[in-house]
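Written below as structure tokens is the structure these notes are about.
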Amino acid sequence: AQSVTQPDIHITVSEGASLELRCNYSYGATPYLFWYVQSPGQGLQLLLKYFSGDTLVQGIKGFEAEFKRSQSSFNLRKPSVHWSDAAEYFCAVEGYNQGGKLIFGQGTELSVKP
Amino acid sequence: DTAVSQTPKYLVTQMGNDKSIKCEQNLGHDTMYWYKQDSKKFLKIMFSYNNKELIINETVPNRFSPKSPDKAHLNLHINSLELGDSAVYFCASSQGAVNEQFFGPGTRLTVL
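In the order they appear, the protein sequences are chains W and Y.
Position 23, counted from 1, in the first sequence is what our numbering calls 156; the numbers after and before it change by one each time, with no gaps.
Position 70, counted from 1, in the second sequence is what our numbering calls 87; the numbers after and before it change by one each time, with no gaps.
Below, the structure is given as structure tokens:
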């Protein structure tokens, strides 16, 4: 069965510092991978996705993620965090021919210190 | 102009009542979903419809019944509400599967 693990429940970084949010997945083949962000009281917004090809994908708001098959990981990175990046971040996986069924990780709450 | 809208935004009700949540998307998508987010922010898919046809039906109690009158609407009806149904329910839509899903703002359901 597919699963997604985000090991960090809560991360605090200083504004301007770099950020890496971890995501590990379990799936028998190459999955489709997503990162979504949820601001307080809001719905989810897609940051970026990986389907195939270049393993380093660029997203919105200056985020990027790297797919590493050998580590079953899809970590999210940003070189310089802004206070407005404070939010909940979800990694998700969709398997082949799953009809759009996203399996989400537990989420990582990001706090940004001034 | 809202891409995916849900009504109501908040719903407070007593145990045993029946309630509905409505979802509409104006993106022209053919696939719509319902997700449940619990108090620990864990998100789990409940249902999905493609062109008004039920595609995904997770292990959800029979008290939950989705209805898709057309491609732009997917409503969720819940019978005999229980305390454990308290959660935030998100509607989403996409053009086919394996594509970006656009989420609504959520409906916070509180069962007393």
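C-beta: ideal position from N, C-alpha, C; glycine also.
Quiz item: DSSP state of residue 87(Y), grouped into three classes?
Solution: strand
Quiz item: Using the beta-carbon count (16 or more within 10 Å), is residue 33(Y) buried or exposed?
Solution: exposed
Quiz item: beta strand (DSSP E) containing residue 210(W): first to last residue?
Solution: 206-211
Self-check item: Proximal chain Y residues relative to residue 329(W), where beta-carbon distance stays under 7 angstroms
Solution: Residue 329(W) lies beyond the residue range present for chain W, which begins at 134 and ends at 247; the question has no answer from this structure.
Quiz item: When the Cα atoms are used, what is the spatial distance from residue 28(Y) to residue 87(Y)?
Solution: So the alpha carbons of these two residues sit roughly 24 angstroms apart.
Quiz item: Touching or not, the stretch 37-51 of chain Y and the stretch 108-115 of chain Y, by the rule of three or more beta carbon pairs under 8 angstroms?
Solution: Short answer: they touch.
Quiz item: Which class does residue 73(Y) belong to by DSSP, given the choice of helix, strand or coil?
Solution: strand
Exercise. Determine, using beta carbons only, whether residue 194(W) comes closer than 8 angstroms to chain Y.
Key: no
Quiz item: Given a limit of 9 angstroms on CB to CB distance, which residues of the stretch 150-183 of chain W reach chain Y?
Solution: 165, 167, 169, 171, 174, 175, 176, 177, 178, 179, 182
Quiz item: With 16 as the cutoff for other CB atoms within 10 Å, does residue 217(W) come out buried or exposed?
Solution: Exposed, by the Cβ-count rule.
Quiz item: So is residue 231(W) in contact with chain Y if we call contact Cβ pairs under 8 angstroms?
Solution: yes
Quiz item: Are the beta-carbon atoms belonging to residue 219(W) and residue 207(W) less than 8 angstroms from one another?
Solution: no
Exercise. With distances taken Cα to Cα, identify the nearest neighbour of residue 204(W) among 230(W), 190(W), 163(W).
Key: 163(W)
Self-check item: For residue 202(W), the three-state DSSP class (helix, strand or coil)
Solution: Look at residue 202(W) here: in three-state DSSP terms it is helix.
Self-check item: Cross-strand partners of residue 30(Y) (DSSP beta bridge)
Solution: 128(Y)
Self-check item: Contact with chain W by residue 19(Y), beta-carbon distance below 8 angstroms
Solution: no
Quiz item: Hey, quick one: how far does the beta strand (DSSP E) through residue 143(W) stretch, first residue to last?
Solution: 143-147
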